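Accompanying notes for the structure given below.
In our numbering, the protein residues as written are 46 to 176.
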C-alpha cells in the first residue's frame, strides 16, 4: 500500500516539477538584459563587497544568483586578459542587476569607496534607461 501511495505521489509531482522548470526557463528568457559599461576593478569591488553583506535566509537564492553571475563575468574577463582598469560592456539580466543593487545598498562602505560604488550604480541605472 505504501509503495502504491509513493508511486501515485510521484506521478502527481513529476509533471508539476517539469512544468515548473520549463516555466522558470521561459521566465528567464523573457528577462531584459542590461548592458552597463563598467570598469573591471569596480566589478571586482562589487564582488568583494557583496561577500560582506548580511542577507536573510529567504534571500539566499537571489544572493547566490548574483554572486554566480558576477563571478562568471569576472572569470570570462580574466580569461580574455582584461585589466582591472579596462572599461567593458557586460551583460546583466535585469533581475540580477536589481538584486545586485539591492544587496550593495546594504553594504557598509568606507568613504574612499564612494566613487567606485557610485560609478557602478550609475552605469547600471543608465543602462536600464536604454531599454
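From the three backbone atoms N, C-alpha and C, an ideal C-beta is built for every residue, glycine too. Only a predicted model underlies this, so the values are computations on that prediction, with no experimental measurement involved.
Which listed residue (the options) has its alpha carbon closest to that of residue i
i           : options               : result
residue 84  : 114, 127, 132 and 125 : 132
residue 86  : 137, 150, 148 and 160 : 160
residue 170 : 147, 130, 106 and 128 : 147
Boundaries (first-last residue) of the alpha helix (DSSP H) holding residue i
i           : result
residue 171 : 159-174
residue 82  : Counting along the chain, residue 82 falls outside any alpha helix (DSSP H), though it belongs to the beta strand (DSSP E) covering 82-84.
Helix, strand or coil at residue i [DSSP, three-state]
i           : result
residue 156 : helix
residue 115 : helix
residue 69  : Because residue 69 carries a pLDDT of 47, less than 50, the predicted location of this residue cannot be relied on, and no value is offered for it.
Bridge partners - residue i, DSSP secondary structure assignment
i           : result
residue 100 : Its beta-bridge partners do not exist; DSSP assigns none.
residue 79  : 137
Please go through the stretch 119-155 and give each complete alpha helix (DSSP H) segment of 4 or more residues, from N-terminal end onward.
139-150
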